[in-house]
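Visitor: Shown below is the structure under consideration.
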Amino acid sequence: MKARRNPKAIPRREALRQILQTSASGLGALAFGDRLMQDGFAQGALPYLTHAPKAKRVIWLFMAGAPSQFELFEPKETLQKLDGETLPPSLAAGKRFAFIDGARAKLLGTSRKFARHGESGAPVSELLPHIAGIVDKVSFLRGVQGKEINHGPAKLFMNTGFGQFGRPSCGSWSLYGLGSEAEDLPGFVVLQSGSRGPRGGGPLWGNAFLPSSVAGTPFRGKGDPVLDLGNPEGVDSAEQSGFFRTVAALDRAGAEGQGRDADRPDLAERIKTYELAHRMQSSTPDLVDLSKEPESVRKLYGMEGDGPSFARNCLLARRLIERGSRFVQLYHADWDHHGDPNNNLGKPLEARCREVDQASAALVLDLEQRGLLEDTLVIWGGEFGRTPLGEVRNFIGRDHHIGAFTMWMAGGGVKAGYSHGETDEIGFAPVSGAMDIHDLHATILHLMGIDHERLTFRSQGRDFRLTDVHGHVQTNLLA
Amino acid sequence: MAVQQSKSRAACTAARAGLVLVLGVFLAEPARTEGESAPSWSNGVRTVLSEHCFACHGPDPSARAAGVRLDTAAGLLESDAIDLGSPEDSELLYRVTSEDDFDHMPPPGAGRALRSDEVDLLRQWIEAGAEWEPHWAYAPFEDEPAATEPAPTLDGFVQARLRQQGLDLNPRANPRDLLRRLFLDVVGLPPSAEAIASFEADPSEDAYAAHVDALLSSQEFGEHWARHWLDLARYADSHGYTIDGGRSIWPWRDWVVQAIASDMPFDQFTVEQLAGDLLPNATREQRIATGFHRNTQVNQEGGAKDEENRINAVIDRTNTTGSVWLGSSVGCAQCHTHKFDPITHSEYFGLFAFFNSTLDGGVSQAPTLLVPRNSEEEAQAAKWEQRLVEAKARYLDEWNKASENWTVWQPEWATGSNGPELRPELSGAYRLLGQNPVFSTYVLQGATPGVANVGALRLEVLADGGPGRGGKNFVLQEVRVASRADGEAEWTPHALGAARADFEQDSSAKGGSSYVAASLLDGEGPGWAVQPQFDSPHVLELELSEAFHAEGRELRVELVQEYGSHHTIGAFRMGLAAALPAGDGSGQAGGGLVPKAWLDSWRALSQVRGERPRLPSTLVLEERSAPRTTRRFERGSFLDQREPVSPGVPAAMDHFADPESVMRTRLDLAHWLVNPANALVHRVTVNRFWQQLFGVGIVPSENDFGLRGVRPTHPDLLEWLAQDFVEHGMSRRHTLRTILLSKTYCQSDAQSPEKVKADPEGTLFSRRRPMRLSGEVLRDSMLEASGVLHRKVGGGPVQPPQPEGVFSFTQSRKNWKPSEGDERFRRSLYTRIWRSSPFPFYSTFDAPSPGFSCTRRTVSTSPLQALALANDPLVVEIAQAMGERMIRELPGATLAVRIDAAYRWALGRSATAEEVALLLEHAQAVEQQRGESAACSAIARVVFNLYEFTHRP
């Protein structure tokens, strides 16, 4: 084999160009998306598809606000012992904290009880009994490191590899690289639960300079999941069908009447997207109609009623990937437990855990039962972690910490029952298995069969990548 | 000389004649077209070397391998890469063809090997003499335009290129298509059926030219073309990031509308926006214009750093200026020297330095400017501004009088522990911004110019921003004074001998503590505090036990504030003297330190501030009196600032500036940008006009005129247009008129198989191509066709109806109260834009995210667009309005007649019999179900969804 080719110099081939242009969008766009992954790799048509994919789709459970690893996954004996002491100066020097005074704040042990679970013996606290039950299906990443200390920039970084607006999201890159198998649903869907949307909003799932068809489509918790999905008020389905039929007929008649070729690609493309839109009007309500799910499944996820909830979104995520969506991201808000009356490591943390624990575990179990876990990657985590130091506030709380925090992944080609990386005795920094967010992105793309250095898009004179000029695939994680 | 810089016009022309067609982002740029003229530096060679070599042998010295540089003539000469005597023995050719892994370039693992055609191209170039040429985009205009007969025309350039392919322009479009195209392009609204009918009756060139001139003189032209500029300027009505609070900067948007409508020359348009505040006797309008660079985002999140916010804004201003005027990705040089374009890391900070000395920054909105809407308000604003100036002057005057025995000390270093920012102000005071920590120690350190002997210190705690942060109390626990000789490491402490203050909080009578100045002397007491006198400046004067000679020494003062929580000083000024001035003249201890006149002047100033007229305001740029020192950020990180950098422009782009003159300010930069000799800027500008009208520029990579950008498809045309633009006073109207009157613009969109084959992407302009309208123009067209468009120009943003739940994905839900009455039907330009959740109807149709400068909108086709146009309440409401128009204007008419009317209003033509029949079937079905008015709305809804309506011919 010749020397490895320079990704910057590799043109995106005509094949992909045609695929992307004839496919209107991530919506049903690449009906042959799956073939693309397999054949694209086999035939070398797309140079960034360098190996067979393990993960064909991704479900990312994003805990917005950043959960505390010390209350959930990282018991530290020394931290318990040093509870109330100040941080050793050797560790505090040169570190940036959002709110607390690193030299003066006191180390904070946890009041939560931990036990080791499963054959892997992974520690999980009493707050997450269901997740504790699936640790043997999970890889814990204990040495994740961030670059941004505030929520907005950090969420952007976790999604786009950059702390400010302007770069495409991980989901958009995936859709751009692989297309979607969904016939009449969006290929990249964003779901949200909790008191409010994630800080940062649209740019977290934005396409930036990639075609707008690969942007994430937010589904709303109430009413029509997609904007403008329902018929206008007073219009029944017969009238709506008549409307679509008439528009198509008039478009053809208009083209011919004006001496234009009714088969020209832009017009044909447009007629196709109108047909697709009409189909979506019935397929999407069917997707979100959970009444057909058996009671046992609803119980598994811990659903109470059909109102907006994280549990409902987990079930929706499974239904979306069953129908071919490539990337589904769930945001659950309010993990920012600094120590205010409403945001602290007491009752508010317990409430968040109750809201996500059962459904997170149920999603993994449900996917496994359906044979989907092996090629679906589930990711769980926040935009950063929390400090081993407590804050000086009225309630118990911790500040933002980017030096080391915990995430977990399951399925999609990652090891089961594995723990990647380890932090020092107070959980301040990794002593092994450190990985930054570029490494995380590189690994996600790798699992999807993509070489993160080769999936590029030229904008403003530069070949952009999700991982910028960084990123190392964490091979230890690969099953 | 092995490599020469080509100076002959013949060489340049030959190079240009062989230009390459490049068809879009997905395709590799072929080095050059098969069968074209001989390869030259510009025609292929540079492209090959840029793709394969420049990353390690290009402009970036830090990345340069083996000291070899291949992008400049000097570098090629020094590298000995080329042997003209024996081309085949040239090192360059050996390296790219060698089979020895060790010698082969690019090295295995670093890039792909050159294809044989690429190698051949290098070989031919070397054999022909290896002439080097400067990059076309940075080259100056040719001095003497070639004398050709007849004089060159726009169409001549296009046709010459087409003839090489055996093609010609299409014939003129039919009158209806042409007029629709013209209206939608120039004013963003469709022509009326009457205008079309009369143009069909007289489609002469004169009649067309009259339309062009009328449209280019209209307010609507200003509005429509302002929208393009707003994309570039990343305009929105909110601050962005997570909180995304509202902001008022629409007066700047209105300024753009008026500037374009009145055809303000592009140089003035540039200077006023980049530096209007620095013009002599700047008018209010010129200051409003500086809002261009206040369209940066502000992170209002708790815990955000002011300085980080400020620097992000300066970076954005630098990069946006590069994109908008230089067509260059200067942002690439933020972290390292540009890998491909000749912009060094230091030069980036030279550009950055121009923008680094404005007063804005942090979470505050200041500076803002009042925007009166009429002469009465103008008088009101002017009067208040005058009062404010006077009150400020009096306050400063009285303040300085009160401290006349003291020298203000503003040392080089002023920091606060635990993260707050000490922002220096013109008066010499510091204002505390950013983080509000529980405890903080402020440290001031530096030389003491003007004070030879230091024996006393004066701390003025200001009511303006204080006394404590948040306007409450502070507790100053300890004042530590020390000095050291220059170059010494150890500090010598100076003990305090005496202390006095104008006011002291003494709660001892009530059993509390005494927060008196004297408690600072023994270090035992709680410190000095001032409750409850928060609405007054306070003064603390300290005498050292022993004065010291300060020349050649550095002074350090630490203000320790670790009492309770958040009891830190909010604003203060420090003074020095040789000794404590004698006596204060009052009977009470310290009572005269804050003279009544100073206190009164402060109260008067607060009162004037409280009486600010309730007028609209807008964000503007203002310069500090003393420029900030800009330092290079190592690897782009503001936490790692290195050597100082002076303001300056990239040398490779600067072939015309007077080497004697020194550029210092934004105004200098603005003048440099629009210097008539700055060919790059004018090329970028006219290219953008062309792109707006044709969908693709003469330089298709409109945001990259650098070495890796796409070269112009019609270089002579671009040069001609750019020079013509400069010669005609940089008039936007002139250049647009030239293009709009051309045969190239007016030709039809008919496409023959041979044209599709020879010009698949239409970049040769062998035909026109229909373009899908933007969401804004679509909505405006619907409003116009329905007869409800409200044409009021300017004013604050409005809220047309939008679907429920748009804000459920943002951190803070916005109040979106739909506007009532006419305001609901204003042009889309005036719709309020929240950065975190832009108006969905426009975003769906590819309106850009206002987070960053957008130089070209993508045009996508998606089912979400079909859903929006079919079902969005906004469309349904306007369809109802058109239905009502049918009933109002055609009472008692049949549905067939109304269908014909809908076609005329929306498309400017009658419906054919077939079309009437098709639509009638649907309308009748609706009428049976839901009655006449629903049937009329249904007709309108269908028409709004037709390809012919949603596309510009």
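Which chain is which? The protein sequence lines are F and H, in order. Position 210 of the first sequence, counted from 1, bears residue number 210 in our numbering, the numbering being contiguous throughout. Position 308 of the second sequence, counted from 1, bears residue number 308 in our numbering, the numbering being contiguous throughout. Beta carbons: idealized from backbone N, C-alpha and C, even for Gly.
Starting from the beta carbon of Asp71 (chain H), find every residue of chain F whose beta carbon is closer than 8 Å, and list them in chain order.
Guide: Within the second sequence, numbered from 1, the residue matching residue 71 (chain H) stands at position 71. Neighbours of Asp71 (chain H) on chain F: none; closest Cβ ~14 Å, over 8 Å.
Visitor: Check whether chain H comes within 8 Å of Val483 (chain F), counting only Cβ atoms and requiring the distance to be less than that.
Guide: No statement about residue 483 (chain F) is possible, as the shown extent of chain F runs from 1 to 479 and does not include it.
Visitor: Return the chain-ordered list of same chain residues with a C-beta closer than 6 Å to the C-beta of His130 (chain F), the five sequence neighbours on each side being excluded.
Guide: Taking the first residue of the first sequence as 1, we reach residue 130 (chain F) at position 130. Closer than 6 Å at the Cβ level, and outside the excluded window around His130 (chain F), lie Asp357, Gln358, Ala361.
Visitor: If you compare alpha carbons, which of H:Asp71, H:Asp780, H:Leu605 is closest to Gly465 (chain H)?
Guide: Mapped onto the second sequence, residue 465 (chain H) falls at position 465. Nearest option by C-alpha distance: H:Leu605.
Visitor: May I have the straight-line CA-CA distance separating Glu884 (chain H) from Ser933 (chain H), to the nearest angstrom?
Guide: Position 884 of the second sequence holds residue 884 (chain H). Position 933 of the second sequence holds residue 933 (chain H). Distance between the alpha carbons of Glu884 (chain H) and Ser933 (chain H): 7 Å.
Visitor: List, in chain order, every chain H residue whose beta-carbon is nearer than 7 Å to that of Pro232 (chain F).
Guide: Indexing the first sequence from 1 puts residue 232 (chain F) at position 232. Within chain H, the residues near Pro232 (chain F) are Asn871, Val876.
Visitor: Can you name, in chain order, every residue of its own chain whose Cβ lies under 7 Å from the Cβ of Arg161 (chain H), other than the five neighbours on each side?
Guide: Translated into the one-based positions of the second sequence, residue 161 (chain H) becomes position 161. Result list for Arg161 (chain H): His714, Leu764, in chain order.
Visitor: Which residues of the segment 827-860 of chain H have a Cβ closer than 7 Å to any Cβ of chain F? Give them in chain order.
Guide: Within the segment 827-860 of chain H, the qualifying residues are Ser836, Ser837, Pro840, Asp846, Ser849, Gly851, Phe852, Thr858, Ser860.
Visitor: Do Arg112 (chain F) and Ser125 (chain F) have their C-beta atoms closer together than 8 Å?
Guide: The residue you call residue 112 (chain F) lines up with position 112 of the first sequence. The residue you call residue 125 (chain F) lines up with position 125 of the first sequence. Cβ atoms of Arg112 (chain F) and Ser125 (chain F): closer than 8 Å.
Visitor: Counting only runs that start and end within the segment 833-887 of chain H, where is the beta strand (DSSP E) found for 3 or more residues in a row?
Guide: none
Visitor: Is the CB-CB distance between Val187 (chain H) and Leu169 (chain H) below 8 Å?
Guide: Position 187 of the second sequence, counted from the first residue, corresponds to residue 187 (chain H). Position 169 of the second sequence, counted from the first residue, corresponds to residue 169 (chain H). No. Outside cutoff.
Visitor: Residues in its own chain within less than 8 Å of Trp255 (chain H) by CB, not counting five upstream and five downstream?
Guide: Along the second sequence, one-based indexing puts residue 255 (chain H) at 255. Only Glu285, Ile288, Ala289, Gly291 meet the Cβ criterion.
Visitor: Between the alpha carbons of Phe405 (chain F) and Glu422 (chain F), how many angstroms are there, rounded?
Guide: In the first sequence, counting from the first residue as 1, residue 405 (chain F) sits at position 405. In the first sequence, counting from the first residue as 1, residue 422 (chain F) sits at position 422. Cα to Cα, the separation comes out at about 10 Å.
Visitor: Taking a Cβ distance cut-off of 8 Å, strictly less, list which residues of the segment 902-935 of chain H are near chain F, in chain order.
Guide: Thr912, Glu914, Glu915, Leu918, Leu919, Glu921, His922, Ala925, Val926, Gln929, Arg930, Ala934
Visitor: Would the segment 136-144 of chain F and the segment 420-438 of chain F be scored as touching if the rule is three or more Cβ pairs under 8 Å?
Guide: By the criterion of at least three beta-carbon pairs nearer than 8 Å, the segment 136-144 of chain F is in contact with the segment 420-438 of chain F.
Visitor: What's the C-alpha gap between Gly28 (chain F) and Glu308 (chain H)?
Guide: Taking the first sequence and counting its residues from 1, one reaches residue 28 (chain F) at position 28. Taking the second sequence and counting its residues from 1, one reaches residue 308 (chain H) at position 308. At Gly28 (chain F) the pLDDT is 35, less than 50, meaning the model places this residue with poor confidence; the figure from the coordinates comes in the next sentence. Their Cα atoms are separated by approximately 42 Å.
Visitor: Buried or exposed: Gln954 (chain H), going by 16 or more other Cβ atoms within 10 Å of its Cβ?
Guide: Residue 954 (chain H) falls outside the range modelled here, since chain H spans only 1 to 953, and no answer is possible.
Visitor: Any chance you could list the beta strand (DSSP E) runs of at least 3 consecutive residues sitting entirely within the segment 356-431 of chain F, in chain order?
Guide: 376-381, 385-390, 398-401, 405-411, 418-420
Visitor: Please list, in chain order, all residues of the same chain as Thr217 (chain F) whose beta carbon is under 6 Å from its beta carbon, the five residues on each side excluded.
Guide: On the first sequence, residue 217 (chain F) is found 217 positions in, with the first residue counted as 1. Excluding positions up to five away in sequence, the list reads Pro186, Val189.
Visitor: For the segment 632-648 of chain H against the segment 677-696 of chain H, do three or more pairs of beta-carbon atoms, one drawn from each stretch, fall closer than 8 Å, so that the two count as touching?
Guide: no
Visitor: Excluding the 5 residues flanking Gly194 (chain F) on each side, which residues of the same chain have their C-beta closer than 7 Å to its C-beta?
Guide: Here residue 194 (chain F) refers to the residue found at position 194 of the first sequence. Cβ neighbours of Gly194 (chain F) beyond the five flanking positions: His332, Ala333, Asp334.
Visitor: At a Cβ threshold of 8 Å, is Cys53 (chain H) touching chain F?
Guide: Taking the second sequence and counting its residues from 1, one reaches residue 53 (chain H) at position 53. Taking Cβ atoms only, chain F never reaches closer than 8 Å to Cys53 (chain H), which makes this a no.
Visitor: Give me the chain F residues within the contact set of Leu867 (chain H), using Cβ-Cβ distance strictly less than 8 Å, ordered along the chain.
Guide: As a working note, residue 867 (chain H) is residue 867 in the second sequence. Neighbours of Leu867 (chain H) on chain F, chain order: Val226, Leu227, Asp228, Leu229, Ala277, Met280, Gln281.
Visitor: With 16 other CB atoms within 10 Å as the buried threshold, where does Glu398 (chain H) fall?
Guide: Start at 1 with the first residue of the second sequence, and residue 398 (chain H) comes out as number 398. It is buried - the Cβ of Glu398 (chain H) has at least 16 other Cβ atoms within 10 Å.
Visitor: If Leu447 (chain F) sits next to Gly412 (chain F), beta carbons under 8 Å apart, how far is it from one beta carbon to the other, in whole angstroms?
Guide: Start at 1 with the first residue of the first sequence, and residue 447 (chain F) comes out as number 447. Start at 1 with the first residue of the first sequence, and residue 412 (chain F) comes out as number 412. Correct: roughly 5 Å between the Cβ atoms.
Visitor: Since Arg387 (chain H) is in the alpha helix (DSSP H), which residue starts that stretch and which ends it?
Guide: Locating residue 387 (chain H) in the second sequence gives position 387, counting from the first residue. That run of the alpha helix (DSSP H) goes 375-402.
Visitor: Tell me the rounded alpha-carbon separation between His117 (chain F) and Ala277 (chain F).
Guide: As a first step, residue 117 (chain F) is located in the first sequence; it is residue number 117 there, counting from the start. As a first step, residue 277 (chain F) is located in the first sequence; it is residue number 277 there, counting from the start. Going from the Cα of His117 (chain F) to the Cα of Ala277 (chain F) covers about 48 Å.
Visitor: I need the boundaries of the alpha helix (DSSP H) containing Asp900 (chain H), first residue and last residue.
Guide: Stepping through the second sequence from its first residue, residue 900 (chain H) is reached at position 900. Its alpha helix (DSSP H) spans residues 895-907.
Visitor: Using a Cβ-Cβ cut-off of 8 Å, state whether Gln164 (chain F) counts as contacting chain H.
Guide: Start at 1 with the first residue of the first sequence, and residue 164 (chain F) comes out as number 164. Yes - at least one Cβ of chain H is within 8 Å of the one on Gln164 (chain F).
Visitor: Figure out for me which residue from H:Pro581, H:Ala393, H:Phe548 has the closest Cα to the Cα of Leu540 (chain H).
Guide: Here residue 540 (chain H) refers to the residue found at position 540 when the second sequence is read from its first residue. Nearest of H:Pro581, H:Ala393, H:Phe548 to Leu540 (chain H), Cα basis: H:Pro581.
Visitor: Give me the Cα-Cα distance between Ser174 (chain F) and Pro848 (chain H), rounded to the nearest whole angstrom.
Guide: To locate residue 174 (chain F), count along the first sequence from 1; it is residue 174. To locate residue 848 (chain H), count along the second sequence from 1; it is residue 848. Rounded to the nearest angstrom, the two C-alpha atoms are 21 Å apart.
Visitor: Between the Cα of Arg733 (chain H) and those of H:Ile260, H:Leu396, H:Thr318, H:Glu634, spot the shortest distance and give me the residue it belongs to.
Guide: As a first step, residue 733 (chain H) must be located in the second sequence, where it is residue number 733. Closest by alpha carbon: H:Ile260.
Visitor: Does Glu948 (chain H) get closer than 8 Å to chain F when you measure Cβ to Cβ?
Guide: The residue given as residue 948 (chain H) occupies position 948 in the second sequence. Cβ-Cβ to chain F under 8 Å: yes for Glu948 (chain H).
Visitor: Ignore the nearest five residues each way along the sequence and tell me which others in Pro770 (chain H)'s own chain have a CB closer than 7 Å to its CB.
Guide: Counted from its first residue, the second sequence places residue 770 (chain H) at position 770. Taken in chain order, the residues that qualify are Asp749, His951, Arg952, Pro953.
Visitor: Looking at the structure shown, is Ala3 (chain F) part of a helix, part of a strand, or coil, going by DSSP?
Guide: The sequence position of residue 3 (chain F) within the first sequence is 3, counting from 1. With a pLDDT of only 32 at Ala3 (chain F), under the threshold of 50, the placement of this residue in the model should not be trusted, and no figure is reported.
Visitor: Since Leu466 (chain F) and His441 (chain F) are thought to touch, with beta carbons under 8 Å apart, how far apart are those beta carbons, to the nearest angstrom?
Guide: Numbered from its first residue, the first sequence carries residue 466 (chain F) at position 466. Numbered from its first residue, the first sequence carries residue 441 (chain F) at position 441. Right, the Cβ-Cβ distance comes to about 5 Å (below 8 Å), so this counts as a contact.
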